[in-house]
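For the sequence shown, the positions run -35 to -1, 1 to 244 when mature numbering (1 follows the signal peptide of the UniProt record, and there is no 0) is used.
Yeah, the Cβ is synthetic: ideal placement off N, Cα and C, and Gly gets one too.
Note that the structure is predicted; figures quoted are calculated from it, not measured.
Notes to accompany the following structure.
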Amino acid sequence: MSALRPDQRLWITRAALVLSALALLLGAAAGPASAQNPKPTIVLVHGAFADSSGWKDVAANLRGQGYAVQTFDNPLRSPAYDSAQLEKKLTDIPGPIVLVGHSYGGFVITNTHDPEVRANVYIAAFAPASGEFVQGLLNPITYPGSRLLPPALQVKLVENDPTGIAGRNIDGYIAQPYFRDIFVQDVSPAVAADMYAHHKSAALVANLEPSGAPSWTTVPSWYLISQQDRVIPPALQRFMASRAAPGRTAAVDASHASLVSRPDAVTAIILSAATAVSS
């Protein structure tokens, strides 16, 4: 082959530089695989008669897997009010989100509509259809078995509640002697006592306000049934799961508060959802 002329060598050098620059630009645009499919932030939503401390072990497990985790201090006032507060929180979270709701927290995530939410995960939770409400779903004729009834279930007057009439509201709570047997019978008395120290009452209207359009009709959802649940009967959980999470349902031999008594099983189904939406 004859030697290249100086002008030819210059042209080839310039072409190589252009191609190298294009490769760098394309690489920067594409980024590493982890940037293309970032791990979602997982937001944990507690239900009635609890606070965010119940998620402690689950949150630690998820953070150990490299996930950003946030908890939501559920006001427990009503589905519309509580979901509006959750939506405000979500606006400050960049990137994709997985919402996890326990018990009444499922009502809240069902009524939360944010374009960044990629999955819902229901943990022994309500997953209502439009127009359904807590007390209607807990119909003892259709789904017997809930022990969340008087005298275990008590009511009290709550002062300084801006969501109530004239700043007052009527809340329901579980009387202390019944708490462990109804809510979390599969933990030690000491753990149950600590949970009761974090017990939060819920406005009665939260049990009576109908759900709006359910997010699970458009957001992929997962459901973990608690098979020894004494708050939401397992048969009712299976019914709700069949609508909201067909093909993405698992079960655990646990009380209503499986997030405390079986955190590894709860973590596993959350990871299933998070992995699916980031793959």
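- With fewer than 16 other Cβ atoms inside 10 Å of its own Cβ, G132 counts as exposed.
- Counting the other Cβ atoms within 10 Å of the Cβ of T36 gives 16 or more, which makes it buried.
- Within the stretch 31 to 109, the complete beta strand (DSSP E) runs of at least 3 residues fall at 34 to 37, 62 to 67, 82 to 88.
- Here Q100 is exposed. Its C-beta has fewer than 16 other C-beta atoms within 10 Å.
- Cβ-Cβ separation between S243 and P3: approximately 7 Å, consistent with a contact (criterion under 8 Å).
- In the DSSP assignment, V231 falls within the unbroken alpha helix (DSSP H) covering 228 to 243.
- When DSSP assignments are scanned along the stretch 146 to 194, the uninterrupted stretches of alpha helix (DSSP H) that are 4 or more residues long and fall wholly within it turn out to be 154 to 162, 170 to 173.
- Across the structure, N134 and L55 are spaced so that their CA atoms are roughly 27 Å apart.
- Beyond the five residues adjoining it in sequence on each side, R203 comes within less than 7 Å, by CB distance, of I190 in the same chain, given in chain order.
- Rounded to whole angstroms, the separation of the alpha carbons of I234 and S95 is 25 Å.
- Only buried fits A168, as 16 or more other CB atoms lie within 10 angstroms of its CB.
- T75 sits buried, since 16 or more C-beta atoms from the chains shown fall within 10 Å of its C-beta.
- Judged by DSSP secondary structure, A215 falls within the beta strand (DSSP E) whose first and last residues are 214 to 217.
- Inclusion of S220 and R195 in the CB contact set at 9 Å is warranted, their separation being smaller than that value.
- In the three-state reduction of the DSSP assignment, R133 falls in the strand class, which pools E and B.
- The beta carbons of N26 and P228 sit about 6 Å from each other, so the pair counts as a contact at 8 Å.
- Taking C-beta separations shorter than 7 Å and ignoring five residues to either side along the sequence, the partners of Y161 in its chain run Q141, F144, following chain order.
- Within 10 angstroms of the beta-carbon of N125 lie fewer than 16 other beta-carbons, which makes it exposed.
- If you ignore the 5 residues before and after A241, its C-beta comes within less than 8 Å of the C-beta of A84, P185, all in its own chain and listed in chain order.
- In chain order, S48, L51, E52, L64, S180 place their CB closer than 7 Å to the CB of T77, counting only its own chain and leaving out the 5 sequence neighbours on each side.
- P115 counts as exposed, since fewer than 16 other C-beta atoms from the protein chains shown sit within 10 angstroms of its C-beta.
- For V196, the secondary structure class from DSSP, reduced to helix, strand or coil, is coil.
- Counted as a single uninterrupted DSSP element, the alpha helix (DSSP H) harbouring K21 occupies residues 21 to 29.
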